[in-house]
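Chemist: Handing you a structure now.
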Amino acid sequence: MTAINSIAEIRKRLRVREHPLDILTPAQIAVQLIDAGYSPHTAANAAEIAWSVAATLRTGRSVPPMWGT
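When the letters of the sequence shown are read in order and numbered with this note's numbering, they come out as residues -6 to 62.
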């Protein structure tokens, strides 16, 4: 899979049932939050939580954050 460089690129890749949180890693989400002006610490925490919530909703089972991985 090639690198994803923009939200427009993500939207092009999405299928009907996919969401950006389903295809982005927590690190990719954090970079986008940092680019939006959030501190690296806040961005990393928010990205982990967002990814965990999306995975939990998708699978129906609790998926804990992958802190630091």
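Built from N, CA and C at the ideal position, the CB exists for glycine as well.
#1: Per DSSP, what kind of secondary structure is residue 106 in: helix, strand or coil?
#2: Nearest-angstrom Cα distance between residue 22 and residue 38?
#3: Does the Cβ of residue 19 have 16 or more other Cβ atoms within 10 Å, making it buried, or fewer, making it exposed?
#4: Considering only C-alpha positions, which residue in the set 29, 31, 47 is nearest to residue 17?
#5: Roughly how many whole angstroms lie between the Cα atoms of residue 44 and residue 25?
Modeler: In short, the structure shows the following:
#1: Outside the displayed range of the chain (-6 to 62) lies residue 106, so it cannot be described from this structure.
#2: Here residue 22 refers to the residue found at position 29 of the sequence shown. Here residue 38 refers to the residue found at position 45 of the sequence shown. Spanning the two alpha carbons is a distance of roughly 10 Å.
#3: The residue you call residue 19 lines up with position 26 of the sequence shown. Buried, by the Cβ-count rule.
#4: As a working mapping, residue 17 is identified with position 24 in the sequence shown. Residue 17 has its Cα closest to that of 47, out of 29, 31, 47.
#5: Translated into positions along the sequence shown, residue 44 becomes position 51. Translated into positions along the sequence shown, residue 25 becomes position 32. Those two C-alpha atoms are separated by around 13 Å.
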